[in-house]
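Under my numbering, the very last position in the sequence shown is 1282; numbers go up by exactly one each time.
Remarks on the structure that follows.
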Amino acid sequence: MMAELTAVQETARKIQSMEIRGALDIALAASEAILKLVDAGGTYPDVAAAGKILSSARPTAVSLPNAVNYCLYVAERSKGETVGGFKKNVGDSIRSFVTEQRNAKDKIAQYGSNLISDGEVILTHCNSDTVIAILTKAQESGKKIHVYATETRPRMQGHLTVKALVANNVPATLIVDSAVHHVLKTKHVDKVIVGADTVYANGDVINKIGTSQVALCAHVMDVDFIVASQTLKFSPESVGGARVHIEERDVREVADFNVPIYNPAFDITPHHYIDAIVTEYGVIPPEAVYPLLSEKLRWLTWK
Ligand code: RI2
């Protein structure tokens, strides 16, 4: 079991260093690391130990602890099984969970692309695979769109976004973060579409630093602000008032000279700036997060 636990630690390290990143991808990587452990004969205590290591790898995206909690939930339910029974039940459940999450992204791509009309100009911030899936689907369905992508300092995830869009034949232009207001106005942007790391029960959305500034600009300029989020990113703990920790990253990501630097990686966009959240269950207003959380995601609060 040592080798598998080392592999779990290696996955946690990659999540921490952002070699694996994106709120969905870190959740899937953690689930797959636990799956490997189970496939290799790992028991409930092994799964619990792995869960602890993985869920604390990054603090802000709740998709990560939510996915780990799902693995623990199915492991807990099969605790009394034979070794073979545990391996099969837990393994099959995690495999279906991973498939469901991948399917959720495809459903969001379909629902989100339905919101886009031919000829629209879209602006996005940071690098969300879910948003890229929406934009690619819109383009594939024959709509001619143009995307402006912010570079997203300090880690420049916007570079990944424009490269991915251009590779998918979606016309895209890179802009600096401070050009958002100017571009919304002069390029006649119809919609802003961003991803999410965590969604609170009241509909507030936590996403890459800068998102709330973009939302504020969109609000002032009456541009639709849309969030693409699997319900895996909904925070069950927020129902009880808990708030996620906003990750602060190494200040050297910002500048390498010796002055005081503050480097928060995420911010919170208030729900009243958000026109719609696209989930795998459909397009909902931020007010519908709580009902959806309590109706569909009971397993998130199994403890
Ligand atoms: P998907 C990313 O976080 C970005 O904030 C992005 O909007 C969000 O995850 C969702 O990404 P980071 O890992 O799950 O770059 O839609 O800090 O790919």
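C-beta atoms are modelled at their ideal positions from N, C-alpha and C, and glycine is treated no differently.
message = Does the distance between the C-beta of L1003 and the nearest non-hydrogen atom of ligand 1 fall short of 6 Å?
response = yes
ask   = How about I1124 and I1172: do their beta carbons lie closer than 7 Å?
value = no
inquiry  = When you compare the CB positions of A1180 and V1041, do they come within less than 7 Å of one another, or not?
reply    = no
Check whether T1190 and V1223 have beta carbons under 7 Å apart = no
Simplified DSSP state of T990, which is helix, strand or coil = helix
query = Per DSSP, what kind of secondary structure is D1203 in: helix, strand or coil?
reply = strand
ask   = Where are the beta strand (DSSP E) runs, 3 residues long or more, that stay fully inside the stretch 1127-1197, in chain order?
value = 1151-1154, 1170-1173 and 1184-1187
message = Excluding the 5 residues flanking T990 on each side, which residues of the same chain have their C-beta closer than 6 Å to its C-beta?
response = A1008 and A1012
query = Where does H1125 sit, in a helix, a strand or coil, going by DSSP?
reply = strand
key: Any non-hydrogen atom of ligand 1 within 6 Å of D1176 CB   = yes
task = Whole angstroms is fine: what's the gap from D1025's alpha carbon to V1077's?
result = 20 Å
task = Report all residues from its chain with a CB closer than 6 Å to the CB of A1194; omit the five preceding and five following residues, and keep chain order.
result = F1204, T1248 and Y1252
inquiry  = Can you tell me whether K1187 sits near ligand 1, meaning its C-beta is under 6 Å from at least one heavy atom of the ligand?
reply    = yes
Own chain residues within Cβ distance below 6 Å of V1140, not counting five before or after = Note on residue identity: the sequence assigns Thr, not Val, to residue 1140. Same-chain partners within the cutoff: N1106 and A1128.
contact_flag[the stretch 1109-1119, the stretch 1084-1091] where n(CB pairs < 8 Å) is 3 or more = yes
query = Thinking C-beta only, is V1149 closer than 7 Å to A1126?
reply = The sequence shown places Val at residue 1126, not Ala. Yes.
request  = Can you tell me which of the three DSSP states I1253 falls into?
outcome  = coil
inquiry  = Could you pull the DSSP bridge partners for G1261 from this structure?
reply    = T1258
request  = Taking 7 Å as the cut-off, decide whether the C-beta atoms of K1164 and I1101 are in contact.
outcome  = no
message = ligand 1 and Q1192: does any heavy atom of the ligand fall closer than 6 Å to the residue's C-beta?
response = no
message = Please state the DSSP three-state secondary structure of T1248.
response = strand
query = Looking only at C-alpha atoms, which of I1185, K1166, D1097 and I994 sits nearest to S1217?
reply = I1185
request  = Pull up the distance between the alpha-carbon of T1115 and that of A1151, whole angstroms please.
outcome  = 11 Å
task = Could you round the C-beta distance between Q1209 and A1083 to whole angstroms and report it? I think they count as a contact, below 8 Å.
result = 5 Å
inquiry  = Which residue marks the beginning of the beta strand (DSSP E) containing I1101, and which one marks its end?
reply    = V1100 to T1103
request  = Determine the direct distance from the alpha carbon of A1158 to that of Q1197, and round the result to whole angstroms.
outcome  = Note on identity: in this sequence residue 1197 is Ala, with Gln being the wrong assignment. Taking the straight line joining both Cα atoms gives about 13 Å.
message = Residues in the same chain with beta-carbon distance under 6 Å from V1069, minus the five sequence neighbours each way, listed in chain order, please.
response = V1017, V1053, A1054 and S1057
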